[in-house]
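Chains as they are written, first to last, in numbering that gives the first Met the number 0: chain A, 0 to 200; chain B, 0 to 396.
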Amino acid sequence: MNRPDWDIVTGWIGAGARVLDLGCGDGALLRHLIAERSVRGVGMEVDDERVARGVGADLNIVQADLDDGIRDWFGVHSFDYVLVSQTIQAIRHPERLLGEMLDIASEGIVTFPNMGYWRNRWQLGVQGMMPTTKALPNPWYNTPNIHLCTLRDFESLCEGLGIEILDRAVVDKNRRSSPLLRALPNWFGEHAIYRIRKRVV
Amino acid sequence: MSKSTAKNPPIEGTTHQPGSVGLVEPQTAYIDTPLLLDCGRRIEEYDLVYETYGELNERADNAVLICHALSGDHHAAGRHRPEDRKPGWWDTAIGPGKPIDTDRFFVVCVNNLGGCKGSTGPLSENPETGRPFGPDFPILTVRDWVNSQHALMRRLGISRWAAVTGGSLGGMQVMQWAISYPEAVAHAVVIAAAPKLSAQNIAFNEVARQAIITDPDFHDGRYAEQGVIPRRGLMLARMLGHITYLSDDAMRAKFGRELRSGKVQYGFDVEFQVESYLRYQGTSFVDRFDANTYLLMTKALDYFDPAAEADDDLSTALAPATARFLVVSFTSDWRFSPVRSKEIVRALLATGKSVSYAEVEAHQGHDAFLMPIPYYHQVLRGYFDNIARTMTEEGIS
């Protein structure tokens with residue numbers, strides 16, 4: 000089962016690249032990238048059950064909490080790509096993680112559910128309730144997603160952190176792109192996928 | 000449920016046990032290839048006592064070496080006699096259907112050189128004097144052990160271990176194997192270990208050694224010739240060791256401040272259950288372990304520091320390794336804490352080695368590595384399943 004952001008992420012990653020997947024879950028995306036792109040991958044995950052499944056699937060998994068920072072684990076430029084797939088919204092300090100990511104890899108790939116998606120706006124703006132959708136299924140009181148943002152929020156954070164956006168893709172849950180979606184991505188994109196790097200000064 | 004009596008502390012979580020390897024018999028390999036030691040001395044010939052479980056396959060590619068820790072020996076699984084009260088020290092993990100599955104792997108565990116369970120050591124006769132070596136037995140390092148185990152490996156007709164595995168001091172031997180004999184180690188499983196001892200670790204070892212050496216019955220290590228053993232010293236060393244193997248939480252859970260007789264006696268006899276436990280551990284150890292061996296083992300621990308020969312850079316030290324690694328630590332282990340395992344993982348990642356790391360939530364302290372903690376065993380099992388799968392694929396292709 001592919002998640003909506005996988006095809007685009009896979010398309011951006013070069014064959015044989017060194018990839019670090021932060022919050023890798025049971026390593027499904029890593030396995031996909033190994034199969035499709037022959038990457039050399041490492042995953043980082045905190046949850047016991049997922050780590051065990053990743054190790055059982057013959058992947059290299061490091062058990063650690065992203066909230067404790069990742070700079071301790073890896074040297075500067077030890078990877079070509081660092082991925083944070085559908086995880087950044089659950090991190091305590093996303094801004095710190097973005098900085099650390101781009102210390103240890105030349106490029107970062109970040110995917111997250113877009114809080115500016117029209118259904119979310121409808122539920123919050125018109126119905127007056129915190130959105131629950133397929134991308135954000137948890138109720139407000141019991142959700143790992145503590146730092147939700149829109150495309151504009153993310154882009155303005157990157158600007159502030161001196162991060163250059165190399166690519167942006169926006170998809171709906173069926174992984175379709177449409178003229179409407181291209182014209183108004185912050186309204187019609189359910190998932191955002193960014194390729195970023197440190198701005199060269 | 001009442002608190003356990005100290006006499007026979009139960010091992011937690013042992014309710015479900017798949018298979019046992021059953022009755023096992025130690026074997027002895029006589030090796031006459033001289034061993035040049037790190038200290039500069041030579042051992043011309045020696046015996047290594049070992050046990051094996053499972054069958055070596057035709058391609059001889061399913062062998063797993065288990066390296067033992069400070070007070071361990073070759074008896075890792077099964078029982079010597081049906082009436083044995085306890086099985087081998089890692090019986091929870093080794094056996095048919097267990098994480099290190101003897102239906103698929105040929106498991107070898109060796110009593111380290113310098114040991115006191117049959118391999119040549121301080122209790123053996125020194126051919127030059129006709130008396131026990133005692134204190135004259137050369138000081139050994141982890142690398143010396145690995146070199147001797149390598150001689151045994153060849154004797155057994157094995158050219159490459161599917162995995163070398165060990166906890167604590169055993170984990171250090173695993174690292175040394177991967178460094179010294181990269182071609183002979185496909186997978187390295189390093190559990191509850193450290194890349195070198197901290198000053199605090201060495202300090203504990205030194206107190207243990209002083210307890211032994213200052214015992215009036217030690218006789219400069221020649222106690223055997225006097226027909227005595229330094230009981231008090233060895234017992235104290237073991238009691239101290241045990242404190243470092245358990246966590247504060249584990250001690251609290253196991254003993255709390257429970258009194259043996261229910262009320263304080265205002266004296267120095269055993270009153271608290273924890274005292275009783277430590278004394279039991281200490282006295283029972285005296286009957287099964289040799290003081291000179293204990294001294295040797297603690298020295299090997301102190302000296303282990305593979306980075307020392309690589310400008311204190313662990314990555315450089317580990318660079319020759321071609322094995323894939325699994326590193327495991329336990330949250331409440333303060334002897335070799337997760338931070339120490341993290342040093343190993345970081346060094347491996349820095350040189351692009353293949354490594355997985357699991358930090359197991361456990362309250363048992365350093366001893367956790369011997370316990371059948373479900374998540375820990377799930378990771379071990381998954382890892383060894385992969386090794387078995389790779390063997391099969393290589394065999395078919």
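For every residue, glycine included, the Cβ atom is placed at its ideal position computed from N, Cα and C.
Computed from a prediction, not measured in an experiment: that's the story for all the values here.
Name the DSSP beta bridge partners of residue i, please?
i	result
B/V48	B/T27
B/D37	None; B/D37 has no bridge partner.
B/I99	B/I93
A/C23	According to DSSP, which records beta bridges pairwise, A/C23 is partnered with nothing at all.
B/F329	B/V359
A/C157	BP columns for A/C157 are empty, so no partner.
A/H203	Absent from the structure is residue 203 of chain A, since the part of chain A shown begins at 0 and ends at 200.
B/I42	B/L34
B/W160	B/V184
B/E124	B/P131
B/A62	B/F105
B/V354	B/F324
Under three-state DSSP, which class holds residue i?
i	result
B/R80	coil
B/F105	strand
B/P134	helix
B/Y302	helix
B/S246	coil
B/C115	coil
A/R39	strand
A/A16	coil
B/A185	coil
A/R196	strand
A/S177	coil
B/Y180	coil
A/F78	strand
A/I7	helix
B/H67	coil
B/G169	helix
B/R251	helix
B/R154	helix
B/H218	helix
A/R167	strand
B/T389	helix
B/I190	strand
B/I211	helix
A/A134	coil
Are there 16 or more other CB atoms within 10 angstroms of the CB of residue i, so buried, or fewer, so exposed?
i	result
B/I372	buried
B/L64	buried
A/N141	exposed
B/G394	exposed
A/W139	exposed
A/G24	buried
A/A182	exposed
B/K6	Low confidence applies here, because B/K6 scores a pLDDT of 36, under 50, leaving its location unreliable and the question unanswered by this model.
B/D268	exposed
A/P112	buried
B/Q377	buried
B/P81	exposed
A/Q85	buried
B/T391	exposed
B/N125	exposed
Alpha carbon to alpha carbon, how far is residue j from residue i? Give it in angstroms, no decimals.
i	j	result
B/G114	B/A28	14 Å
A/L180	A/R151	15 Å
B/M174	B/A349	16 Å
B/Y271	B/R259	Note on identity: in this sequence residue 271 of chain B is Phe, with Tyr being the wrong assignment. Cα-Cα distance, rounded: 6 Å.
A/M114	A/G15	34 Å
B/R251	A/E48	28 Å
A/N119	A/S176	19 Å
A/D171	A/R91	26 Å
B/Y279	B/L69	18 Å
B/D286	B/K85	16 Å
A/L21	A/Q62	10 Å
B/G397	B/A161	The structure shown does not extend to residue 397 of chain B, since chain B is modelled only from 0 through 396, so no value can be given for it.
A/V50	A/I60	6 Å
B/G18	B/P95	5 Å
B/V401	B/M238	There is no way to answer for residue 401 of chain B, as the model of chain B reaches only from 0 to 396.
A/W11	A/I162	18 Å
A/V109	B/L325	28 Å
A/P93	A/I87	6 Å
Measuring from the CB of residue i, is there a heavy atom of the ligand HEM at a distance below 7 Å?
i	result
A/S37	With respect to the ligand HEM, the structure shown offers nothing to examine, as it has no ligands at all.
Beta strand (DSSP E) runs wholly inside the segment 41–75 of chain A, at least 3 long, in chain order:
60–62
In chain order, which continuous runs of the beta strand (DSSP E) of length 3 or greater are located wholly inside the segment 85–122 of chain A?
104–112
Within the segment 271–326 of chain B, ranges of the alpha helix (DSSP H) (whole runs, at least 4 residues):
272–285, 290–302 and 313–317
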